[in-house]
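Asker: Quick one: structure below, then a few questions.
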Amino acid sequence: MGKRLLQIVIVLVGISFLSFLLIYLAPGDPVRAMFAVSGSIPSEEIMAEIREKMGLNRPFLVQYGSWLLNCLKGDFGVSYTHGQPVAGLLAARVAPTIQLTLLSLAMMMIMAIPLGVMSALYQNRPLDYVIRAATFFSISMPNFWVGLLLLYFVALKLGWLPVVSTGMGLQKMLLPAFTLGFAMAGKYSRQVRAAVLEELNQDYVSGARARGLNESVILWRHVIPNAMLPLITLLGLSLGSLLGGTAVVEIIFSYPALGSLAISAITAMDYPVIQGFVLWISLIYM
3 MGKRLLQIVI VLVGISFLSF LLIYLAPGDP VRAMFAVSGS IPSEEIMAEI REKMGLNRPF
63 LVQYGSWLLN CLKGDFGVSY THGQPVAGLL AARVAPTIQL TLLSLAMMMI MAIPLGVMSA
123 LYQNRPLDYV IRAATFFSIS MPNFWVGLLL LYFVALKLGW LPVVSTGMGL QKMLLPAFTL
183 GFAMAGKYSR QVRAAVLEEL NQDYVSGARA RGLNESVILW RHVIPNAMLP LITLLGLSLG
243 SLLGGTAVVE IIFSYPALGS LAISAITAMD YPVIQGFVLW ISLIYM
């Protein structure tokens with residue numbers, strides 16, 4: 003356990019160094035971008051004073067060392083555009099991100115598990131071909147295209163759900179969650195199909211049938227629980243990806259989560275927010 007924790011610390015330091023270096027080498031002036039957002043550009047003398055006050059004129063290693071020491075104290079800096087601590091900005095977006103993540107995973111499992119099981123039970127039959135074609139379609143459709151279609155037909159034309167997903171509430175999360183779950187459902191249903199087929203060919207299934215157990219009992223008490231075990235790893239990776247934010251979907255639906263915050267920070271060259279976001283994703287994955 004101690005060795006794993008040490009590895010996580012080393013990797014986090016390495017990632018923070020590389021990301022800080024890339025941000026340092028990136029073209030553009032964050033001070034100029036910060037004033038461009040407000041619509042006013044001060045004189046070069048004022049901007050030079052602000053750069054010095056923010057420490058942007060110091061050497062790279064000095065900037066990184068100071069930032070790293072502050073991070074160890076829980077201080078990730080102050081956002082250039084919002085004027086608020088980065089830790090507070092990220093924390094405010096965590097709850098919406100977790101809610102969207104859990105709802106997306108729930109929708110994915112509601113779609114993927116029944117489809118995968120039915121596809122395995124009716125292997126090489128018409129229903130199996132239809133489900134496999136549907137999952138191929140699901141995997142092939144990019145998230146932004148699915149989101150735009152749902153936004154146009156479900157929200158705009160039919161008016162069933164709100165067009166803009168700002169704020170909390172189940173109704174405002176349904177469209178972005180379904181958009182994320184739709185693509186994952188295709189991938190996971192194929193995994194469920196393969197896992198169920200593998201379990202159906204195991205000796206314990208033949209033995210259960212020889213003892214006269216009902217097929218539904220064999221399926222739900224033995225085959226499906228065993229088939230779900232290999233999917234836990236994949237589910238963990240999807241969880242990490244969703245918790246890191248899904249920027250395109252969040253921007254389409256104006257959903258206030260981590261991904262949209264990261265995109266706005268990149269656009270405005272808000273380096274402290276970008277760096278804090280990178281560390282968040284790294285920690286979630288590890």
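Going by our numbering, the first residue of the sequence shown is number 3, and it counts up by one from there.
All C-beta atoms in this analysis are idealised placements derived from N, C-alpha and C, irrespective of residue type, glycine included.
Report the CB separation of L150 from F255 in whole angstroms; it is logged as a contact under 8 Å.
Answerer: The Cβ separation is near 10 Å, so there is no contact.
Asker: Distance, Cα to Cα, Y273 vs S18?
Answerer: Cα-Cα distance, rounded: 12 Å.
Asker: Decide if E201 is buried, meaning its Cβ has at least 16 other Cβ atoms within 10 Å, or exposed.
Answerer: E201 is buried by the Cβ-count criterion.
Asker: Do I220 and V198 count as a contact pair if the criterion is CB distance below 8 Å?
Answerer: No, Cβ-Cβ distance for V198 and I220 is not below 8 Å.
Asker: Assuming A114 contacts A187 (C-beta within less than 8 Å), just tell me the rounded distance between them.
Answerer: Right, the Cβ-Cβ distance comes to about 4 Å (below 8 Å), so this counts as a contact.
Asker: At 4 residues or longer, what runs of the alpha helix (DSSP H) sit wholly inside the segment 63-145?
Answerer: Correct list: 88-123 and 128-142.
Asker: Below 8 Å on the Cβ atoms is my guess for I52 versus I276; work out the distance and round it to an integer in Å.
Answerer: Between I276 and I52 the Cβ distance is about 19 Å, and since that is not below 8 Å, they are no contact.
Asker: What are the boundary residues of the alpha helix (DSSP H) that includes W162?
Answerer: No alpha helix (DSSP H) holds W162; DSSP gives it neither H nor E.
Asker: Count the other CB atoms within 10 Å of the CB of E47; is the residue buried (16 or more) or exposed (fewer)?
Answerer: E47 is exposed by the Cβ-count criterion.
Asker: What is the DSSP secondary structure of D205, reduced to helix, strand or coil?
Answerer: Of the three classes helix, strand and coil, the one that applies to D205 here is helix, per DSSP.
Asker: Could you spell out where the alpha helix (DSSP H) holding A249 opens and where it closes?
Answerer: That run of the alpha helix (DSSP H) goes A249 to I254.
Asker: How big is the Cα-Cα spacing for F78 and W69?
Answerer: Roughly 7 Å between the two C-alpha positions.
Asker: Look up M3 in the DSSP assignment and say whether it is helix, strand or coil.
Answerer: Three-state result, M3: coil.
Asker: Assign S218 to buried or exposed, taking buried as 16 or more other Cβ atoms, counted over all protein chains shown, within 10 Å of its Cβ.
Answerer: Under this definition S218 is an exposed residue.
Asker: For T248, which of I100, L215 and Y131 has the nearest alpha-carbon?
Answerer: Comparing Cα positions, the closest option is I100.
Asker: Start and end of the alpha helix (DSSP H) containing Y287?
Answerer: That run of the alpha helix (DSSP H) goes Y273 to Y287.
Asker: Give the single residue among G118, K55, S262 and N203 whose Cα lies nearest to the Cα of R192.
Answerer: Looking at the Cα atoms, G118 is the closest of the given residues.
Asker: Taking DSSP as the reference, what is the three-state secondary structure of A210?
Answerer: If DSSP states are grouped into helix, strand and coil, A210 belongs with the helices.
Asker: Do S106 and G183 have their C-beta atoms closer together than 8 Å?
Answerer: Yes, the pair counts as a contact, with Cβ atoms nearer than the cut-off.
Asker: Candidates Q9, F22 and K75: which alpha carbon is nearest L63's?
Answerer: Comparing Cα positions, the closest option is F22.
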